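The structure under discussion appears below in the form of structure tokens.
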Amino acid sequence: MTTGGQVVVEALRAEGVRHVFGLIGSAGMEIFDALHGEPSIRFIGVRDERTGTHMADGYARASGAAGVMLAGQNGPGATNLVTGLAQAQAAFSPVVALAGSLSSAHVYRDAFQEVDQAALFRPVTKKTWLVPQASRIGELTREAFRTATTPRCGPVVLNLPRDLLAATIESASPVAPRGRQADGPCAAHPALIEHAAQLLAGAERPLILAGGGVKNGRHAQATLHLAETLSAPVATSPGHGDAVPGTHPLYAGQVGPRGNAVATALAREADVILALGTRLGFNTTFYTYDHLNA
Numbered sequence: 351m352t353t354g355g356q357v358v359v360e361a362l363r364a365e366g367v368r369h370v371f372g373l374i375g376s377a378g379m380e381i382f383d384a385l386h387g388e389p390s391i392r393f394i395g396v397r398d399e400r401t402g403t404h405m406a407d408g409y410a411r412a413s414g415a416a417g418v419m420l421a422g423q424n425g426p427g428a429t430n431l432v433t434g435l436a437q438a439q440a441a442f443s444p445v446v447a448l449a450g451s452l453s454s455a456h457v458y459r460d461a462f463q464e465v466d467q468a469a470l471f472r473p474v475t476k477k478t479w480l481v482p483q484a485s486r487i488g489e490l491t492r493e494a495f496r497t498a499t500t501p502r503c504g505p506v507v508l509n510l511p512r513d514l515l516a517a518t519i520e521s522a523s524p525v526a527p528r529g530r531q532a533d534g535p536c537a538a539h540p541a542l543i544e545h546a547a548q549l550l551a552g553a554e555r556p557l558i559l560a561g562g563g564v565k566n567g568r569h570a571q572a573t574l575h576l577a578e579t580l581s582a583p584v585a586t587s588p589g590h591g592d593a594v595p596g597t598h599p600l601y602a603g604q605v606g607p608r609g610n611a612v613a614t615a616l617a618r619e620a621d622v623i624l625a626l627g628t629r630l631g632f633n634t635t636f637y638t639y640d641h642l643n644a
């Protein structure tokens, strides 16, 4: 027999998690107890759930693995996650937030610090779950990791009722972690690829504009190889200046109204722009052609 909290930690270990950020609270105490006995996972205590969520987001962006945040208290402990989750959602950052939640029998009874956490998190996450029964904790923890780390990546929240974490469950054969998956490599129609290649080959002033997709997908070397083949400078979208190494001789810096003069001039003067992993969003364009050649 094992507790629901131990099942959560077993799932974290199976996913290869090595760091968990969090703030201790009574609603998630069984998870903290299980973490204390798990030497392979380092718990990093924070002073506030808001900072912990930003730390998990930063860890995810830097490592490419899911950043895990554990909010141990329902109510304010969970609501403090919102800003960090919204930021992670905007950046397609794979954050897995585990939030302690009300005991199942106390829902809709004006219980202590009762908040509809599932409804709260839906607008700022890729997906949010409320675990319905103790026997599904392991399954849904693994599903949370799969969802967060599958492109497009994004933050998820798993709400864990405190009575389910304390419940004892018959030990079962662990389900293998599903991890990061995709249906297959993205591929355009061959004719469109040929057309793009012809445009680039005939360009006099080509520019590669690399965004967060290059960085998050770890495609910097492939991007630079293409740039060297084309002798094309590489600019980056704002906020993603580290999409390719800044020491490369073809690196021009960030474009747009908040970018540098060199990269922005190249974008204005380019006769062909190859946009890789970028939405050409507000920070890059201000929704005008003032900073890109139309």
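644 is the number that my numbering gives the last residue of the sequence shown; the numbers go up by one with no jumps.
From the three backbone atoms N, C-alpha and C, an ideal C-beta is built for every residue, glycine too.
Model, not experiment: these values are computed from the prediction.
Within the DSSP secondary-structure output, M419 pairs in a beta bridge with F371 and A447.
If the five residues before and after N430 are omitted, its C-beta is found closer than 8 Å to the C-beta atoms of D398, E399, R400, T403 and A421, all from its own chain and listed in chain order.
Three or more beta-carbon pairs drawn from the segment 501-513 and the segment 436-455 are found closer than 8 Å, and the two stretches are therefore classed as touching. Here the C-alpha atom of R363 lies approximately 7 Å from the C-alpha atom of I391.
Counting only residues of its own chain and dropping the five nearest sequence neighbours on each side, A593 has a CB closer than 6 Å to the CB of A560, V564, K565 and T586. Spanning the alpha carbons of R555 and V605 requires a straight line of approximately 16 Å.
Residue pairing by DSSP leaves G434 without any beta bridge partner. Just measuring C-alpha positions, the residue of S451, Q548, P473 and E578 sitting nearest P482 is S451. Within the segment 566-638, the runs of alpha helix (DSSP H) that reach at least 4 residues and sit entirely inside it are, in chain order, 570-580, 611-619 and 632-635. Positions of the beta strand (DSSP E) runs, each at least 3 residues long and wholly inside the segment 380-414, are given as 392-395 in order along the chain. In this structure, V445 lies away from A484, with their beta-carbon atoms at least 8 Å apart.
Judged by DSSP in its simplified three-state form, L642 adopts coil rather than helix or strand. Within the segment 446-496, the beta strand (DSSP E) runs of at least 3 residues that lie entirely inside it are, in chain order, 477-480. Judged by beta-carbon spacing, A377 lies beyond the 8 Å limit of R472, meaning their Cβ atoms are not closer than that value. According to the DSSP assignment, A541 belongs to the alpha helix (DSSP H) that extends over P540 to A551. Bounds of the beta strand (DSSP E) holding A560 are P556 to A560.
For P426, the three-state secondary structure derived from DSSP is helix. In the DSSP assignment, P511 falls within the unbroken beta strand (DSSP E) covering V506 to P511.
When the five nearest sequence neighbours on each side are left out, the beta carbons in the same chain lying within less than 7 Å of the beta carbon of P426 are those of Q463, in order along the chain. The beta carbons of A602 and L580 sit about 14 Å from each other, so the pair does not count as a contact at 8 Å. The beta-carbon separation of L515 and I558, rounded to 49 Å, does not stay under the 8 Å limit for a contact. For F393, the closest C-alpha among the options L600, T497 and H369 is that of H369. Boundaries of the alpha helix (DSSP H) around G354: G354 to A364. Pairing H539 with G354, the inter-Cα distance amounts to about 48 Å. A straight-line Cα-Cα distance of about 11 Å links G589 and G631. E360 is the residue among E365, T635 and E360 whose C-alpha sits nearest the C-alpha of E380. Exclusion of the five residues before and after S443 leaves D407, A410 and R411 as the residues of its chain whose Cβ lies within less than 6 Å of its Cβ.
Here the C-alpha atom of L490 lies approximately 45 Å from the C-alpha atom of A613. If you ignore the 5 residues before and after T573, its C-beta comes within less than 7 Å of the C-beta of I558, A560, V564, V584, V594 and L626, all in its own chain and listed in chain order. For G488 and T352, the gap between their C-alpha atoms comes out near 12 Å. Under the 10 Å beta carbon count, V418 is surrounded by 16 or more other beta carbons and is classified as buried.
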